[in-house]
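*Asks:* Per this note's numbering, the sequence shown starts with residue 51, numbered consecutively. First, the structure itself, so that you have it in front of you.
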Amino acid sequence: MKKLKVKAVFFDLWNTIAFTDVKKDVFREMQVRMGLNELTPDQFLHECENAIMLQEFESLQHMYSRLLSHFSLNSGEILLGDLDFLWSHSLKKDKFFPETKTVLAKTRKHFKTALVSNCENFGFKYLSKEFDFSKYFNEIILSCDVGLLKPNPKIFYLPLKKLKVKPFEAVMVGDSMRTDMIGAKRAGLKTILLDRKNKFKGKKPEVDAVIHSLNELNKVIEFKK
Ligand SMILES: [Mg+2]
Numbered sequence: 051m052k053k054l055k056v057k058a059v060f061f062d063l064w065n066t067i068a069f070t071d072v073k074k075d076v077f078r079e080m081q082v083r084m085g086l087n088e089l090t091p092d093q094f095l096h097e098c099e100n101a102i103m104l105q106e107f108e109s110l111q112h113m114y115s116r117l118l119s120h121f122s123l124n125s126g127e128i129l130l131g132d133l134d135f136l137w138s139h140s141l142k143k144d145k146f147f148p149e150t151k152t153v154l155a156k157t158r159k160h161f162k163t164a165l166v167s168n169c170e171n172f173g174f175k176y177l178s179k180e181f182d183f184s185k186y187f188n189e190i191i192l193s194c195d196v197g198l199l200k201p202n203p204k205i206f207y208l209p210l211k212k213l214k215v216k217p218f219e220a221v222m223v224g225d226s227m228r229t230d231m232i233g234a235k236r237a238g239l240k241t242i243l244l245d246r247k248n249k250f251k252g253k254k255p256e257v258d259a260v261i262h263s264l265n266e267l268n269k270v271i272e273f274k275k
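Dropping the structure here:
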């Protein structure tokens, strides 16, 4: 395979550079406790993103209330307590992958870089305690700051414009087909799917390259000598 030639590399946050179980386990458990069985897990996740990742919240309590009102549920104490237990418990398990810092530092030396993430403000703040994002990224684009969610192409135009890079000169690295790959492709970027668990083995996802760890980035992108 010919290596991709780009000027900028954009990264997704969750399960691309940092591990979280919020997306799968926590949201699924929340869905059960909220009694929203009529939605598929993907629909529920999508609704949660719309409810809590498009604006900043002053406190976790505000965020939970917003989430419940989005689904027209009353903010009963039991449900609020359940959400708080699930969410804060899971926040503490969020951590960077072992290769993240080395790969990001190297990438930052060779390319313009951006973080493009669908996230609420607490998870990001929690990770920022031990990780200086500004050291690794020229631009940090969070859905809760800009009021846009991936896969909306507009969220990708923001870092492109700030970094003065054309869409085809940038590549998006992410673990989600729906938000990262499809969104970036719509915006005209190149795409690298990070398939850590080999979910796409034997399949041919419509992306420019597939990697299984961030360490493989230099196998698919041309780093300057
Ligand atoms: Mg992700």
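We put the CB at the ideal spot given by N, CA and C, even for glycine. As the structure is a prediction and not an experimental result, all values here were calculated from the model.
Per DSSP, what kind of secondary structure is Ile102 in: helix, strand or coil?
*Replies:* helix
*Asks:* Determine whether the beta carbon atoms of Ala259 and Phe60 lie at a separation below 7 Å.
*Replies:* no
*Asks:* Any heavy atom of ligand 3 closer than 6 Å to the Cβ of Ser226?
*Replies:* The model depicted lacks ligand 3 and carries ligand 1 instead.
*Asks:* Closest to Glu149 by CA distance: which of Lys235, Arg246 and Tyr207 is it?
*Replies:* Arg246
*Asks:* Would you say Asp92 touches ligand 1, meaning its beta carbon is less than 6 Å from a heavy atom?
*Replies:* With a cutoff of 6 Å, Asp92 does not count as near ligand 1, since its C-beta is closer than that to no heavy atom of the ligand.
*Asks:* At 4 residues or longer, what runs of the alpha helix (DSSP H) sit wholly inside the stretch 135-189?
*Replies:* 150-160, 171-178 and 183-186
*Asks:* Please classify Asn171 as buried or exposed, where buried requires at least 16 neighbouring CB atoms within 10 angstroms.
*Replies:* buried
*Asks:* Ligand 1 heavy atoms versus the CB of Trp137: any closer than 6 Å?
*Replies:* no
*Asks:* Given a threshold of 16 other Cβ atoms within 10 Å of its Cβ, counted over all protein chains shown, does Ser167 qualify as buried or as exposed?
*Replies:* buried
*Asks:* Just to confirm, does Asn65 get its C-beta within under 6 Å of one of the non-hydrogen atoms of ligand 1?
*Replies:* yes
*Asks:* Run the CB neighbour count on Ile128, radius 10 Å, all protein chains shown included, and call it buried at 16 or more, exposed below.
*Replies:* exposed
*Asks:* Is Asp258 near ligand 1 - that is, is its Cβ less than 6 Å away from at least one heavy atom of it?
*Replies:* Answer for Asp258: no, Cβ out of range of ligand 1.
*Asks:* Measuring from the CB of Asp75, is there a heavy atom of ligand 1 at a distance below 6 Å?
*Replies:* no
*Asks:* Would you list, in sequence order, the uninterrupted beta strand (DSSP E) runs of no fewer than 3 residues that lie entirely inside the stretch 200-267?
*Replies:* 220-224, 240-244 and 259-261
*Asks:* Return the chain-ordered list of same chain residues with a C-beta closer than 6 Å to the C-beta of Leu95, the five sequence neighbours on each side being excluded.
*Replies:* Phe77
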